[in-house]
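Read through the structure below, which is laid out as structure tokens, and then see the notes.
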Amino acid sequence: MRLDDLLGRAVLVFDGAMGTMLQARGLPAGACPDLWNLERPDAVVAVHREYVAAGAQIIETNTFGATPARLAHYGLADKCHAITVAGVRCAREAAEGRALVAGSMGPLGALVEPLGELTFDEAYAQFAAQARAFAEARPDFIIIETIADLNELRAAVLACKDHAPSIRIIAQITIDPSGRAFTGTDPETAGLVLQSLGADVIGFNCSVGPDLLVDAVARMARVVRVPISVQPNAGLPLLTPDGTTRFPMGPEDFAAYGPKLVAAGASLVGGCCGTTPEHIRRLRAAVEEMKPTGQPGPLSETLGLASRTRSLFFVEQNLPVVIGERINPTGRKLLTRDIKEGAFARVRDEAKKQVAAGAAVLDVNVGVPLIDEPAAMAQAVRVIQGAVDVPLCLDSPNADALEAGLKACVGKPLVNSFSLEEGRAEAVLPVAKRYGAAVLGLTIDERGIPASAQQRLEIARRLVAAAEAYGIPRHDVVIDPLALTAGAQQAEARETLRAIQWITDELGVRTSLGVSNVSFGLPNRPFLNAVYLTMAVTMGLSMAIMNPLEERMMDTVRALRLFLNRDRNARVYMQEVGPKRLVHTVEEALKIAAGEGRAASPGAAGIPAAKGTSAADGARAADDTSAADGVRVAADTPATAGTPVADGTPASTAPALAAATAPAPDAGVPGPDPAGDALGRRLYEAVLEGDRDAILPLVEQGLAEGRDPMAMLNQHLIPAIEEVGRLFGEGIYFLPQLMLSAQAMKRAFSRLKPEIQKAKVGQAEIGTVVLATVQGDIHDIGKNIVAVLLENYGFRVIDLGRDVKNEVVLEEARKAGADIVGLSALMTTTMPQMKRVIELFAREGFDCPVLIGGAATTRAFAEQIGARGHGRDAQEAVALALEVLKERRGGGMEKG
359 MRLDDLLGRA
369 VLVFDGAMGT
379 MLQARGLPAG
389 ACPDLWNLER
399 PDAVVAVHRE
409 YVAAGAQIIE
419 TNTFGATPAR
429 LAHYGLADKC
439 HAITVAGVRC
449 AREAAEGRAL
459 VAGSMGPLGA
469 LVEPLGELTF
479 DEAYAQFAAQ
489 ARAFAEARPD
499 FIIIETIADL
509 NELRAAVLAC
519 KDHAPSIRII
529 AQITIDPSGR
539 AFTGTDPETA
549 GLVLQSLGAD
559 VIGFNCSVGP
569 DLLVDAVARM
579 ARVVRVPISV
589 QPNAGLPLLT
599 PDGTTRFPMG
609 PEDFAAYGPK
619 LVAAGASLVG
629 GCCGTTPEHI
639 RRLRAAVEEM
649 KPTGQPGPLS
659 ETLGLASRTR
669 SLFFVEQNLP
679 VVIGERINPT
689 GRKLLTRDIK
699 EGAFARVRDE
709 AKKQVAAGAA
719 VLDVNVGVPL
729 IDEPAAMAQA
739 VRVIQGAVDV
749 PLCLDSPNAD
759 ALEAGLKACV
769 GKPLVNSFSL
779 EEGRAEAVLP
789 VAKRYGAAVL
799 GLTIDERGIP
809 ASAQQRLEIA
819 RRLVAAAEAY
829 GIPRHDVVID
839 PLALTAGAQQ
849 AEARETLRAI
859 QWITDELGVR
869 TSLGVSNVSF
879 GLPNRPFLNA
889 VYLTMAVTMG
899 LSMAIMNPLE
909 ERMMDTVRAL
919 RLFLNRDRNA
929 RVYMQEVGPK
939 RLVHTVEEAL
949 KIAAGEGRAA
959 SPGAAGIPAA
969 KGTSAADGAR
979 AADDTSAADG
989 VRVAADTPAT
999 AGTPVADGTP
1009 ASTAPALAAA
1019 TAPAPDAGVP
1029 GPDPAGDALG
1039 RRLYEAVLEG
1049 DRDAILPLVE
1059 QGLAEGRDPM
1069 AMLNQHLIPA
1079 IEEVGRLFGE
1089 GIYFLPQLML
1099 SAQAMKRAFS
1109 RLKPEIQKAK
1119 VGQAEIGTVV
1129 LATVQGDIHD
1139 IGKNIVAVLL
1149 ENYGFRVIDL
1159 GRDVKNEVVL
1169 EEARKAGADI
1179 VGLSALMTTT
1189 MPQMKRVIEL
1199 FAREGFDCPV
1209 LIGGAATTRA
1219 FAEQIGARGH
1229 GRDAQEAVAL
1239 ALEVLKERRG
1249 GGMEKG
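So the number in the numbering used here is just where the residue sits in the sequence shown, counting from 1, plus 358.
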């Protein structure tokens, strides 16, 4: 059997680190390693041969940083093709048929929107340039590695599939000790999304040691059906007295984890930073007799949807899944106006309220006539994903709008919808397949909607076959047999229920239904909808597209889960429904309210204005709706009787509103007193929730009211960003939330800064910080985050950029009169530059404290090199800067 045929059948072993091996052969610090493919191919080939001799069965090309953007740092952007092709040639020469070759493609060193300024298309173009070179050079694999942003990984995978379609893809995400990527992606979500995009192998590399990756591999193995790869570091680096770095995990200790990784589900293992040919030799010996445990995992054939940070699998205990329908302009004048004007605050608000009410997926429809629907769909997706962390269902008859939404959506969405109407499947299915989406098929063919369940079953069979023909697996196909209006087509309401059962049983796919259609034109619609939903679920319905703010419907869902033994010990039912009484008519609600001594009138406190109306049925008569048609009344305390809070959400669901933000702070987090200062609370929440659109109008309102700008900053904005830092530090918030909050804070501070300067001339900035990524290192994501936060706290920040020479750091810090210098390094090979900067300061007599940070740096490392401190993350770096400034000022915090 050829080596190439062993993938997935035997445990294959990768090589180890390349950069440190080249440095040992004379690569200068700060030089471009990839350029040696052209200038020193003998050294590159020699490293590859060492790994092949050690037993590596897959060796990676020396092209990790060969995208044009990375090479541009060295003035080599036009050498991407030549360097990449030469890199594959070097590896082939060394492999001599004894090892496979994987073309290495690394990160771009910049955050992709919405976290950064690099657009998805720009990221795609960078990866595409290298992919075209790989297509010419023909490695056995392209390995996309050391990327922590799922969106950047998406761009890379798509670029490789488009421009090197015949080369298999290995896609590896980098996680931190929390078990997630720093952008919040967990192993299950990474596996689900990357597999759906079409990666042939998925896994992890870099960042942490093998001990922390065993659990991550096991978690990913549960959801995938493709081989899993893992390439850990040999621990985090330590600085030696001579200024070089070493990795603490020796070959024997490292190799001991090989069998554990294979047992957890890996079928390809290797090394990353700090590993050597000896590490690989020991690893090969440790796993040589082992066989992969085997895919697919238990959830790999189950429908799964995902956001950036959360996966939802359609297993029995999660059914029926509620898809919130309210982000839809049909019949809603205010939402229509907002979408037409490009304002998405109402879309954001609807997303948060629906998730707070229990929606597990959100339908997104921006179909307003005469607008740029693709642009509106993309913007709506970005806004919603910035507000909540549930998966999305992209809803449009416009294939271009669907593609725009799919490109913007970080995760795995559901596409709503395709049918057998002429041209519809051909327009939708290729786009859905390209972006790894699941699809929802409507039982409509060229002749329309058939009357009988049997006819709908036959159309469903054709829909599934059409999806499978485009490479979309059966478990990613959902069928909607369409609820027709019982008032006009009464017999067909029963046929829909029969179709649900037959489609579920005979085709083995999930089913969906827009429930409220069935009651159109009939009185007491909420009651009818709840009954029909109950009947549909007992027939096997998997998901319901409905208004989650209708409490009768949500409580019906909770009751169904209880009776179907999906809510064990009735835990959710007791938590959500237990404390309240349900009423069915306005009269009952008024009577109960009067009996408890509360004023109640139609239209107030969530009481519907007229019997038989629905807040969000199909064509809506009003834009602002109550939270329930079945009115919630507390069984014990009037304070939870559905009384609206400031944003219109019933008080009883307000704690859940926090849980809807992606992911959420505790509901009990202290903040400004809303009773005493409503605007202060809104300022605080705008930062906490990263609401960049709302923050400036709120600041302007405060200034118009004559509020002290410094008081707004100190009493509301800074406490909010500090709370964001706490949530980030505890793993409740992730980088997307941190960045959104920081951007909202920056907008507020930028507006307040001139007002503060007017009031306190010369005292708006509390101190000066000079930041730089050290010489030879071109990574600056973390540094940029620190810069934003420091500015938010009133520091004057001078950012020198990336790859800054030590002498330039000294010169610019002196010129600026810096109070603090902050140094960042991601690459282990450039960390010694931090020590050299500190030594340079000492030699030149420049007394300025140096703070350091970066993924591989530690507090112990900071102490070793004589740095004043180490910032583990951006928030800790800011806190340390404030502490150091206070020391230097003798307790004072403002420059005179």
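Every residue, glycine too, gets a C-beta built ideally from N, C-alpha and C.
Can you list, in chain order, the residues of its chain whose CB lies under 6 Å from that of residue i, leaving out five sequence neighbours each side?
| i | result |
| --- | --- |
| G616 | V627, L641, A644, V645 |
| L922 | none |
| L571 | F562, V588, P590 |
| M1185 | D1135 |
| M1070 | G1060 |
| A844 | A851, V876 |
| A762 | P732, M735, A736 |
| E659 | H833 |
| V836 | L798, R868, S870 |
Quick one: what's got a C-beta closer than 8 Å to residue i's C-beta in the same chain, skipping five residues either side?
| i | result |
| --- | --- |
| A717 | V680, I681, G682, V748, P906 |
| V786 | A757, L760, V773, S775, F776, V797 |
With 16 other CB atoms within 10 Å as the buried threshold, where does residue i fall?
| i | result |
| --- | --- |
| M932 | exposed |
| R668 | buried |
| N1072 | exposed |
| K691 | exposed |
| L693 | buried |
| K649 | exposed |
| K1173 | exposed |
| D850 | In the sequence as displayed, the identity of residue 850 is Glu instead of Asp. Its Cβ being crowded by 16 or more others within 10 Å, E850 is buried. |
| N395 | buried |
| V673 | exposed |
| K711 | buried |
| Q553 | buried |
| K1116 | exposed |
| A375 | buried |
| A1200 | exposed |
Rank the options by C-alpha distance to the C-alpha of residue i and give the top, closest one.
| i | options | result |
| --- | --- | --- |
| E1123 | D1049, L1240, E1197 | L1240 |
| D834 | L476, L661, V1167 | L661 |
| N882 | E908, A894, I861, W860 | E908 |
| V1146 | N1164, S1182, R1105, I1114 | R1105 |
| L594 | G567, Q847, R910, P1190 | G567 |
| A579 | T651, R1217, Y793, E471 | T651 |
| G799 | C751, A452, A427, T633 | C751 |
| G879 | Q847, S754, E397 | Q847 |
| C564 | P687, T633, G936, W860 | T633 |
| R805 | T421, L466, E779 | E779 |
| V1162 | M1097, H431, V582 | H431 |
| E510 | I525, Q530, E494, S900 | Q530 |
| R1217 | D1205, R1230, V1208, G388 | R1230 |
Taking 8 Å as the line, does the beta carbon of residue i fall inside it for any heavy atom of the ligand MG?
| i | result |
| --- | --- |
| I417 | The ligand MG is absent from the structure shown, which contains no ligands of any kind. |
Tell me which residues share the same chain as residue i and place their Cβ nearer than 7 Å to its Cβ, disregarding the 5 neighbours each side in the sequence.
| i | result |
| --- | --- |
| E1043 | none |
| A824 | A783, L787 |
| I830 | L787, A790, K791, V797 |
| T995 | Below a pLDDT of 50, predicted positions are generally treated as unreliable, and T995, at 27, falls in that range; no measurement from the model is reported. |
Item to check | Uninterrupted beta strand (DSSP E) stretches inside the segment 414-480 (no shorter than 3 residues) | outcome: 416-418, 458-463
Item to check | beta strand (DSSP E) runs wholly inside the segment 840-887, at least 3 long, in chain order | outcome: 868-872
Checklist entry - Hey, which unbroken runs of the beta strand (DSSP E) at 3 residues or more fall wholly within the segment 547-613? => result 559-563, 586-589
Next on the checklist: Three or more C-beta pairs under 8 Å: does that hold for the segment 589-596 against the segment 543-552?
Outcome noted: no
Item to check | 4-residue-minimum alpha helix (DSSP H) runs that sit fully inside the segment 1194-1239, ordered along the chain | outcome: 1217-1223
Next on the checklist: Below 8 Å, how does it come out for the segment 450-470 and the segment 492-511: are there three or more Cβ pairs, yes or no?
Outcome noted: yes
Item to check | Runs of alpha helix (DSSP H) lying entirely within the segment 724-801, each at least 4 residues, in chain order | outcome: 731-745, 757-766, 782-792
Checklist entry - Would you call the segment 410-422 and the segment 363-380 in contact, with 3 or more CB pairs under 8 Å? => result yes
Checklist entry - Can at least three beta-carbon pairs, one atom from the segment 465-479 and one from the segment 433-444, be found at a separation below 8 Å? => result no
Item to check | Residue ranges of each alpha helix (DSSP H) within the segment 612-668, 4 or longer | outcome: 616-622, 635-645
Item to check | Continuous alpha helix (DSSP H) assignments of at least 4 residues falling wholly in the segment 1062-1120 | outcome: 1067-1070, 1076-1087, 1093-1117
Item to check | Segment contact flag, the segment 483-495 with the segment 506-519, C-beta cutoff 8 Å, min 3 pairs | outcome: yes
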